[in-house]
Amino acid sequence: MEKDISFYERLKEKGVSRRDFMRYCTALTATMGLSVAYTPKVAEVFAAPAQRPPLIWLHFGECTGCSEALLRTQYPYIDELVLEILSVEYHETIMAAAGHQAEEQLHHAVKQYEGKFICVVEGSIATKYNGGYGKVGGRSFLEIAKEVTPKAAAVIAIGTCAAFGGIPAAAPNPGGYKGVGEALGIKTLNLPGCPPNPINLVGTVVNYLLLGKLPDLDANGRPLFAYGKTIHDQCPRRSHFENEEFVEAFGSEEAALGYCLYKMGCRGPETYNNCPVAKFNDGTSWPVEAGHPCIGCSQPNFWDRMSPFYEEM
Amino acid sequence: MGKRVVVDPITRLEGHLRIEVEIAGGKVVNAWSSGQMFRGIELILKGRDPRDAHHFVQRSCGVCTYVHAVSSVRAVDNAVGLTIPKNARIIRNLLHGAQYQHDHLVHFYHLHALDWVDILSALKADPKQTAALADNVSNAKAGGAAYYRQVQQRIQTFVDSGQLGPFSNAYWGHPAYKLPPEANLMACAHYIEALRLQARTARMHAIFGGKNPHPQSLVVGGVTCVADLTADRIAEFLYIHKETQDFIKNVYIPDILAVASYYKDWGGIGGTTNFLAYGDFPGGDAEPDSLYLPRGIIKKRDLTKIDMAHQEKVTEEVTRAWYLDGPARHPYEGETKPVEEDPQYKPDNGKYSWIKAPRYEGLPCEVGPLARVLIAYGKGHGDIKPLVDSTLQKLGVPATALFSTLGRTAARGLETVAVGDAMEGWIMELVENIKGGDKKTYEPYEMPDSAMGVGLNDVPRGALGHWIKIEGGKIGNYQYVVPSTWNFGPRDQKGQLGPVEEALIGTPVADPKQPLEVLRTVHSFDPCIACAVHVIDPDANAVYRFKVL
Chain B
207 MEKDISFYER
217 LKEKGVSRRD
227 FMRYCTALTA
237 TMGLSVAYTP
247 KVAEVFAAPA
257 QRPPLIWLHF
267 GECTGCSEAL
277 LRTQYPYIDE
287 LVLEILSVEY
297 HETIMAAAGH
307 QAEEQLHHAV
317 KQYEGKFICV
327 VEGSIATKYN
337 GGYGKVGGRS
347 FLEIAKEVTP
357 KAAAVIAIGT
367 CAAFGGIPAA
377 APNPGGYKGV
387 GEALGIKTLN
397 LPGCPPNPIN
407 LVGTVVNYLL
417 LGKLPDLDAN
427 GRPLFAYGKT
437 IHDQCPRRSH
447 FENEEFVEAF
457 GSEEAALGYC
467 LYKMGCRGPE
477 TYNNCPVAKF
487 NDGTSWPVEA
497 GHPCIGCSQP
507 NFWDRMSPFY
517 EEM
Chain Y
39 MGKRVVVDPI
49 TRLEGHLRIE
59 VEIAGGKVVN
69 AWSSGQMFRG
79 IELILKGRDP
89 RDAHHFVQRS
99 CGVCTYVHAV
109 SSVRAVDNAV
119 GLTIPKNARI
129 IRNLLHGAQY
139 QHDHLVHFYH
149 LHALDWVDIL
159 SALKADPKQT
169 AALADNVSNA
179 KAGGAAYYRQ
189 VQQRIQTFVD
199 SGQLGPFSNA
209 YWGHPAYKLP
219 PEANLMACAH
229 YIEALRLQAR
239 TARMHAIFGG
249 KNPHPQSLVV
259 GGVTCVADLT
269 ADRIAEFLYI
279 HKETQDFIKN
289 VYIPDILAVA
299 SYYKDWGGIG
309 GTTNFLAYGD
319 FPGGDAEPDS
329 LYLPRGIIKK
339 RDLTKIDMAH
349 QEKVTEEVTR
359 AWYLDGPARH
369 PYEGETKPVE
379 EDPQYKPDNG
389 KYSWIKAPRY
399 EGLPCEVGPL
409 ARVLIAYGKG
419 HGDIKPLVDS
429 TLQKLGVPAT
439 ALFSTLGRTA
449 ARGLETVAVG
459 DAMEGWIMEL
469 VENIKGGDKK
479 TYEPYEMPDS
489 AMGVGLNDVP
499 RGALGHWIKI
509 EGGKIGNYQY
519 VVPSTWNFGP
529 RDQKGQLGPV
539 EEALIGTPVA
549 DPKQPLEVLR
559 TVHSFDPCIA
569 CAVHVIDPDA
579 NAVYRFKVL
């Protein structure tokens with residue numbers, strides 16, 4: 207109880223009321239598809255554990271958009287995630303150390319937390335030419351991934367690149383880039399999206415900390431709590447589709463009225479993700495709300511399979 | 039010959055960068071900058087629908103998100119020959135202005151600050167004195183002894199946990215850290231505040247762009263967010279903009295000045311010679327005349343003679359990069375032919391990077407905040423000149439101190455203030471326009487069978503150009519020359535160093551095993567290396583390896 211009290215006091219000092227926090231935990235619990243009874247337990251996960259679970263984040267063939275997406279999480283804020291909830295042992299975008307000292311830190315963390323750390327991988331892995339298209343500290347992404355991932359408790363592929371290859375793997379895939387699972391021949395938990403919604407990473411990690419296991423996955427390795435339904439089935443513009451009220455030109459009266467974007471090339475009917483419900487940046491909006499068709503960014507090979515993006519399916 | 043030191047990976051940046059320096063007599067005497075990853079987005083674009091290009095190129099980088107998308111749609115707008123509606127122009131400017139505010143804030147606090155701020159030293163600070171210091175230097179909203187005591191306790195708890203996470207194994211206690219404990223504690227508090235603020239700042243992109251990173255409301259011909267041109271959405275944008283601008287003026291700028299006052303020697307370290315800016319933020323249809331940040335070129339640091347910059351004079355060459363030798367070429371004629379052999383890392387006499395060497399009339403040029411601010415300053419810009427003059431006066435340093443690592447870091451802050459203030463005017467312009475009944479956000483067009491177009495912008499990291507050739511209604515050739523290619527490119531055929539290589543020479547290094555000072559200058563350019571290297575040849579059947587040092 208004492209832990210609880212100080213935690214809520216701390217929240218209050220940060221301008222977050224206990225009620226706001228519980229509301230967030232309830233929403234997160236629902237996003238994860240758990241019953242309301244789990245809400246207090248979800249809250250407990252955030253209440254500063256004695257030893258923070260270690261996390262090692264690897265950057266490969268990526269644009270850092272997934273890391274940036276995680277920085278946008280607001281409940282919990284990223285500083286709480288880093289300082290009080292997890293122990294981010296290695297993350298090139300935010301870590302203070304560089305060069306030799308950074309390499310040393312990675313080796314040290316892998317050794318110290320062998321079998322216990324969560325490994326998050328951002329970016330795909332070049333496999334042509336011995337993996338020679340991408341290196342860190344003189345070693346290929348492939349080599350580093352082969353060394354680190356077998357020692358992790360779980361491997362989470364964040365973003366479409368790590369999950370399915372993503373943009374560098376688009377035709378003609380010059381570097382022979384592959385998703386982490388395919389490149390290494392292992393099973394990964396996939397959180398695709400370009401970028402993915404950070405709430406789905408937080409949900410996955412909380413699920414792991416809370417229940418000691420990863421959430422249930424679909425055939426593409428995606429958690430069902432987030433990727434169980436199509437965009438189309440959850441779309442607030444669905445009634446316009448049913449009523450055959452379509453946008454046929456950007457900037458038109460129909461566009462201003464928020465009609466269905468199907469004829470503008472929307473890939474919502476083929477795309478599994480929770481964007482319409484979770485929305486982005488603290489629920490501010492999502493692409494269809496901003497009047498742009500879904501481009502199908504959480505589906506395998508979407509850069510080739512879903513394009514040209516502005517042609518009707 | 040001096041001692042050679044390799045720093046790889048350079049952390050706190052986007053992408054995979056390797057920096058090698060030679061140190062003699064406690065100073066850097068030679069430097070090499072090398073890009074270490076290649077994806078091939080330009081080649082992936084070939085044969086695709088020109089309307090789709092912006093989605094692809096935006097994935098060059100998730101840190102400098104939005105910027106490649108806007109240059110790409112501008113290149114296609116230009117090829118098609120259309121003028122976008124006023125609302126679309128303003129919204130594109132607002133999204134870009136929001137990117138300046140967000141990107142520069144994150145760069146200073148989260149990518150650059152730890153080069154100057156010793157977190158562990160903050161534990162020795164007296165919270166009361168920290169509060170007094172903060173009151174003295176800033177108008178920060180959060181403060182007081184209790185506040186700083188709480189931040190210090192939080193860091194203490196974190197350190198006591200024995201799990202230092204991202205702060206492990208860094209250069210804490212390094213003799214080049216000069217801030218007193220109280221200034222370190224103040225900076226730590228603002229590091230955390232800025233982490234939270236940036237999540238809210240990014241919501242500006244979500245309002246008119248659906249999400250951040252990688253907003254999705256740009257299209258060739260304008261923007262799609264016509265349904266968001268409402269009073270509540272605009273008010274929400276304005277509110278977040280004001281909250282961010284308040285922090286920029288009352289915390290970020292005072293912090294830069296406070297840090298700078300302890301590191302004035304860095305006003306004489308890390309400078310370069312030539313500066314290029316394409317300029318940005320069109321205030322009307324006429325470019326470059328209507329650009330808020332002006333276009334220009336400065337040669338040999340001569341602020342009295344600023345010429346107009348012309349994109350026709352840009353070339354890229356590959357003498358020291360891992361491509362087959364050929365003449366320097368303009369991007370419209372750009373070629374990408376990697377060497378058909380194992381590329382060896384040969385910094386001394388051969389090729390050593392995947393980054394090409396862009397030149398303007400054959401000259402290497404620094405691009406970015408310092409280039410833009412110098413050009414605006416030299417041209418007597420009404421908003422920027424007074425900001426620069428008052429900053430120089432507060433620090434008691436001459437204008438020549440601008441040509442430095444410190445000058446670069448200060449210029450970034452000053453232009454954030456200027457662009458942020460200008461944004462408020464653009465928001466009001468949007469409101470007036472909508473009030474007047476204009477809700478047009480999109481200009482229809484026919485895709486030509488063949489055309490050429492260029493999109494020039496000046497994005498947070500510097501001058502950005504996208505060039506497209508449309509053939510048979512598809513992408514025939516697509517080239518982009520990005521800020522980090524300019525700044526982090528290698529030597530050229532004449533042996534002229536790239537800007538970062540030049541800037542590193544003369545940098546003092548107290549301990550070659552802990553080259554903290556090298557990071558200061560490298561980070562001051564805000565490197566983005568996935569952007570800089572995006573070209574490879576799918577047909578070259580070669581095995582690429584690096585010599586591991």
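Chains B and Y are the protein sequences, given in the same order.
The numbering used here runs 206 ahead of the 1-based position in the first sequence.
The numbering used here runs 38 ahead of the 1-based position in the second sequence.
Here a beta-carbon is modelled for each residue, glycine too, at the ideal position from N, C-alpha and C.
Alpha-carbon spacing of residue i relative to residue j, whole angstroms
i: Y/G418; j: Y/V426; result: 11 Å
i: Y/V600; j: Y/P165; result: Here chain Y has residues from 39 to 587 only, and residue 600 of chain Y is not among them.
i: B/I324; j: Y/A269; result: 44 Å
i: Y/E274; j: B/A376; result: 37 Å
i: Y/N471; j: Y/A265; result: 15 Å
i: B/G521; j: B/L417; result: Residue 521 of chain B is absent from the structure shown; chain B starts at 207 and stops at 519.
i: Y/G203; j: Y/C566; result: 24 Å
i: B/K317; j: Y/L295; result: 42 Å
i: B/I291; j: B/L277; result: 14 Å
i: Y/K588; j: Y/I506; result: Any question about residue 588 of chain Y goes unanswered here, given that chain Y covers just 39 to 587.
i: Y/V118; j: Y/G514; result: 14 Å
i: Y/A449; j: B/G391; result: 48 Å
i: Y/Y483; j: Y/A225; result: 51 Å
i: Y/L174; j: Y/V455; result: The identity of residue 174 of chain Y in the sequence shown is Asn, whereas the question assumes Leu. If you take the alpha carbons of Y/N174 and Y/V455, they lie about 21 Å apart.
i: Y/N250; j: Y/A244; result: 6 Å
i: Y/D153; j: B/L463; result: 50 Å
DSSP-derived helix/strand/coil call for residue i
i: B/D422; result: coil
i: Y/Y18; result: Past the boundaries of the shown model lies residue 18 of chain Y; chain Y is included only from 39 to 587, so the question cannot be answered.
i: Y/Q534; result: coil
i: Y/N177; result: coil
i: Y/L331; result: strand
i: Y/H54; result: coil
i: Y/F441; result: coil
i: Y/W392; result: coil
i: Y/E325; result: coil
i: B/V342; result: strand
Nearest-angstrom Cβ-Cβ length linking residue i and residue j, presumed shorter than 8 Å
i: B/T366; j: B/F508; result: 7 Å
i: Y/P590; j: Y/S71; result: Absent from the structure is residue 590 of chain Y, since the part of chain Y shown begins at 39 and ends at 587.
i: Y/V492; j: Y/A113; result: 6 Å
i: Y/E404; j: Y/N525; result: 6 Å
i: Y/P22; j: Y/V45; result: Residue 22 of chain Y is absent from the structure shown; chain Y starts at 39 and stops at 587.
i: Y/L143; j: Y/T239; result: 7 Å
i: B/V386; j: B/A351; result: 7 Å
i: B/A432; j: B/N449; result: Actually they do not touch by this definition, with Cβ atoms about 29 Å apart.
Nearest to residue i (by Cα), restricted to the options the options
i: Y/A151; options: Y/N125, Y/A298 and Y/S98; result: Y/A298
i: Y/L444; options: Y/K41, Y/G317 and Y/I307; result: Y/I307
i: B/P378; options: Y/K124, Y/L81 and Y/G544; result: Y/L81
i: Y/P332; options: Y/I465, Y/F319, Y/V118 and Y/V258; result: Y/F319
i: Y/V457; options: Y/T282, Y/Q194 and Y/D115; result: Y/T282
i: Y/A395; options: Y/G364, Y/G260 and Y/A347; result: Y/G364
i: B/Y383; options: B/S330, B/P260, B/I362 and B/V411; result: B/S330
i: Y/I278; options: B/A360, B/V342 and B/T490; result: B/T490
i: Y/L233; options: B/H265, B/W263 and B/E274; result: B/E274
i: Y/G544; options: Y/K41, Y/M346, Y/A62 and Y/G259; result: Y/A62
i: B/E295; options: B/P282, B/P260, B/L289 and B/A304; result: B/P260
Cutoff 9 Å: residue i Cβ touching any chain A Cβ
i: B/F452; result: Absence of chain A from the displayed structure is noted, the protein chains being B and Y.
Segment contact flag, the stretch 88 to 108 of chain Y with the stretch 494 to 502 of chain Y, C-beta cutoff 8 Å, min 3 pairs: As far as the Cβ criterion goes, the stretch 88 to 108 of chain Y touches the stretch 494 to 502 of chain Y, which means the pair count is three or higher.
Stretch pair the stretch 214 to 222 of chain Y + the stretch 140 to 149 of chain Y: three plus CB contacts closer than 8 Å: Result no; under three Cβ-Cβ pairs closer than 8 Å.
Cβ contact check for the stretch 500 to 514 of chain Y and the stretch 307 to 326 of chain Y: 3 or more pairs under 8 Å: Touching, per the Cβ criterion.
Stretch pair the stretch 498 to 508 of chain B + the stretch 466 to 483 of chain B: three plus CB contacts closer than 8 Å: The stretch 498 to 508 of chain B, when compared against the stretch 466 to 483 of chain B, does touch it at the 8 Å Cβ threshold.
At least three beta-carbon pairs within less than 8 Å, the stretch 130 to 141 of chain Y to the stretch 225 to 242 of chain Y: Yes, since at least three Cβ pairs between the stretch 130 to 141 of chain Y and the stretch 225 to 242 of chain Y fall closer than 8 Å, the two stretches touch.
Segment contact flag, the stretch 462 to 469 of chain Y with the stretch 425 to 439 of chain Y, C-beta cutoff 8 Å, min 3 pairs: No, the stretch 462 to 469 of chain Y is not in contact with the stretch 425 to 439 of chain Y.
Stretch-stretch touch, CB-based, cutoff 8 Å, three pairs: the stretch 307 to 322 of chain B with the stretch 354 to 365 of chain B: Yes, the stretch 307 to 322 of chain B touches the stretch 354 to 365 of chain B.
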